[in-house]
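The numbering used here applies: residue -15 is where the sequence shown begins, and numbers increase by one. We treat Cβ as the ideally placed atom computed from N, Cα and C, and that holds for glycine. The block underneath contains the structure these notes are about, expressed in structure tokens.
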Amino acid sequence: MVKRVAVFGAGCSGLTAIKCCLDEGLEPMCFDKSGDIGGLFIYQHFSEVPEDDRASIYNSVIINTSKEMMCYSDYPIPDDYPNYMHNSKVLQYFRQYAEHFQLLKYIRFKTAVCSIQKHPDFLTTGQWDVVTESEGKQEKHVFDAILVCTGHHTHPKLPLDSFPGIENFKGQYFHSRDYKNPDTFKNKKIIVIGIGNTAVDLVVELSAVAKQVFLSTRKGAWLVNRVCDNGFPLDIVFFSRFNAILQCTFPSMINSYMENKFNSRVDHDNFGLKPEHRFFSQHPTISDDLPNRIIAGKVVMKTNVKRFTETDVFFEDGTVEKDIDVVIFATGYNFSFPFIDESVIKVEHNEIPLYKMVFPLHLEKPTMAFIGYIQPVGAIMPVSEIQARWVTRVFKGLTKLPSMEKMKEEVNKRKEDMQKRYVKSERHTIQVDYVPYMDEIAAEIGCIPNIKQLFLSDPKLAWQVLFGPCTPYQYRLCGPGQWRDARKAILTQKDRIIKPTKTRNVDNEMTHGSFNMLFKLLGIFMIFAAMYVLV
Ligand code: NAP
């Protein structure tokens, strides 16, 4: 029987994994190489050497998913927090979550996992031998199960082979992982390569101080804005169950709708952004500010780089930019698990064969799972949480996995579907859509809200659940792990969205009062006018 569970990593997936273990009465022990919780969100200063095998963020990162969509399902983000939070605020929320559920005492900081191996009795017990290292001392442990939560933004991908002449380039070049802030880039001529969220954030920030910034992309992108209809966050506007059904039923029509919508804000062709693929064929690139920089000439869009010389950069469209000082490769990340034997899991070109993106296929006992190895179109925290809720139930034997054959079929089908939908790129190997994937895992737990029943018993809530944003609280309304405040959290989510922006309260009484007064004056004027005409 599974009791002791090792959790690797205390980032956004590891924290919720610890909590889900506790909810199921398991005994978690978490190991993290760094000295703090938060993983990706621990900001490291320029002066610090970024830790190996960990992404490192820049100072200004503001998360692209909004607070009501990215919170853990039974712990809303405080109502006065901004909808899109600075990385320090996100970390603050993680700290509150860890403190509230008393997770810290289960974490061993500054402890690296060196190796894990099947225990000699694995076939009967499913146990694992784990070796960890802290302050130069190694320690051996035996665990009943393992949750790998080390993240997928770990090794910077620096594809120098694809850029002839870079070895002769005399300027500075580096991966975006090493970018911290714009201080040292004043008056420089800079090229940023890639059109993911890092690239667009960097060009916007750098263009405020640099002499000129160029953004080079081989595919282009559909650009969406965080601040969406009526100022509501993008994910709040689009990620409803109803919209998920529409997207699944009429994919081509919804693609066209989105393309028209975001083209009407910025004509992608005229702004050098237009890709050849459809809207939903690429992970979204989000920036409200990039069009402003392009229209002001501070950022200039370029095609892919063909080659570098000592000082100049030649592009595939035949243009050349001279005297370039800095090249930043915002070319994404790879991930791997050097501490796990390849017979257990093998990652190739960022492809990882996991049943429902969670369980390795070839284990005789389902006592290892991977949490957070997905790239959702939407927030990752609730997805990691629901995975961990499912996994802990599998560990306890409350839910069974299908046969190995069935799991393989599922993995192949998912891979095929992903390849059909997305343009070929190593960044599109672990994509999931927020609502359908959450529902898929929730079905395993038995916590999808029954909308038909809800319409009969609680129409107000049912309306929100179907047409409102599919906030994580929806997965706490029923079934195992039910949370009694879930209904309230759903019905008050709009208040929490509005609160941090509606900070200047206009006195409506006054406005109405003045309006009424105007109305009365108009009435009096008309009466006098009528009397004058009649007399
Ligand atoms: P990414 O999303 O993987 O994007 C990498 C970019 O580099 C893509 O445009 C890719 O183009 C390009 N690229 C890769 N290899 C290339 C090559 N050999 N030649 C030319 N172009 C190449 O990486 P990222 O932007 O660093 O983002 C990583 C993750 O962090 C994403 O999930 C992102 O959403 C997230 N993020 C979030 C925020 C935020 O919340 N504010 C900010 C930054 C990043 P192809 O598509 O052609 O491969």
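Is the distance from the Cβ of residue i to the Cβ of residue j below 8 Å?
i	j	result
isoleucine 177	valine 289	yes
aspartate 307	threonine 293	no
serine 57	glutamate 369	yes
proline 433	valine 416	no
asparagine 71	isoleucine 47	yes
valine 342	phenylalanine 127	no
asparagine 334	histidine 139	no
tryptophan 374	glutamate 428	yes
serine 271	leucine 207	yes
isoleucine 61	cysteine 14	no
methionine 53	threonine 351	no
phenylalanine 78	leucine 144	no
leucine 10	phenylalanine 379	yes
lysine 170	valine 193	yes
isoleucine 474	isoleucine 414	no
glycine 155	valine 304	no
aspartate 372	cysteine 4	It is worth fixing the name first, because residue 372 is alanine in this sequence and not aspartate. Closer than 8 Å, so yes.
valine 367	methionine 402	no
glycine 316	glycine 180	yes
arginine 225	valine 419	yes
tyrosine 68	arginine 210	yes
serine -3	phenylalanine 93	no
valine 197	isoleucine 229	no
glycine 281	threonine 485	no
alanine 39	leucine 24	yes
glutamine 266	alanine 205	yes
cysteine 55	methionine 365	yes
cysteine 431	tyrosine 459	yes
valine 250	proline 217	no
Near residue i, what residues of its chain come up, given a Cβ to Cβ distance below 7 Å and the 5 sequence neighbours on each side ignored?
i	result
threonine 49	Asp219, Gly362, Ala363
glutamate 394	Tyr339, Lys340
leucine 385	Tyr339, Phe343, Pro350, Val378, Met391
serine 337	This sequence places proline at residue 337; serine is not what is there. Taken in chain order, the residues that qualify are Leu345, Val395.
isoleucine 482	none
lysine 195	Asn171, Lys172, Lys173
Could you name the residues that DSSP lists as bridge partners for residue i?
i	result
cysteine 133	According to DSSP, cysteine 133 bridges with nothing at all.
asparagine 152	Beta-bridge pairing links asparagine 152 to no other residue.
histidine 125	Val114
methionine 13	Ala(-10)
histidine 159	Phe313
asparagine 318	His139
histidine 70	Ile46
serine 99	Val115
valine 304	Phe298
tyrosine 56	Tyr59
phenylalanine 343	Tyr339
valine 283	Val197
lysine 173	Gln196
phenylalanine 520	Missing from the structure shown is residue 520; the chain here goes from -15 to 519 and no further.
arginine 92	Phe15
glutamate 8	According to DSSP, which records beta bridges pairwise, glutamate 8 is partnered with nothing at all.
alanine 353	Leu131
isoleucine 270	Val208
proline 360	Val416
glutamate 332	Glu335
serine 224	Pro453
Leaving out five residues before and five after residue i in sequence, what residues of the same chain have Cβ atoms less than 6 Å from its Cβ?
i	result
leucine 199	Val176, Val187, Val283, Met285
glutamate 300	Thr287, Asn288, Lys290
phenylalanine 264	Asn239
arginine 277	Val188, Ser191, Val283
glutamate 8	Thr376, Lys380
aspartate 185	none
aspartate 309	Gly155, Lys172, Lys173
proline 360	Val367, Val416, Tyr418
Can you find the residues in the same chain that come closer than 8 Å, C-beta to C-beta, to residue i, ignoring five residues on each side of it along the sequence?
i	result
lysine 73	Tyr65, Pro66
leucine 88	Ile21, Ala82
Item checked: Stretch pair the stretch 155 to 164 + the stretch 236 to 246: three plus CB contacts closer than 8 Å -> no
Check: Does the stretch -8 to 1 come within contact of the stretch 131 to 149, defined as at least 3 CB pairs closer than 8 Å?
Finding: yes
Next item on the list: Kindly confirm or deny that the stretch 322 to 330 and the stretch 93 to 113 touch, where touching means at least three C-beta pairs closer than 8 Å.
Entry: yes
Note to self: Does the contact criterion of 3 or more C-beta pairs under 8 Å hold for the stretch 408 to 415 versus the stretch 446 to 465?
What the structure shows: no
Notebook entry, point to check: For the stretch 243 to 263 against the stretch 106 to 124, are there 3 or more C-beta pairs whose distance is under 8 Å?
Noted result: no
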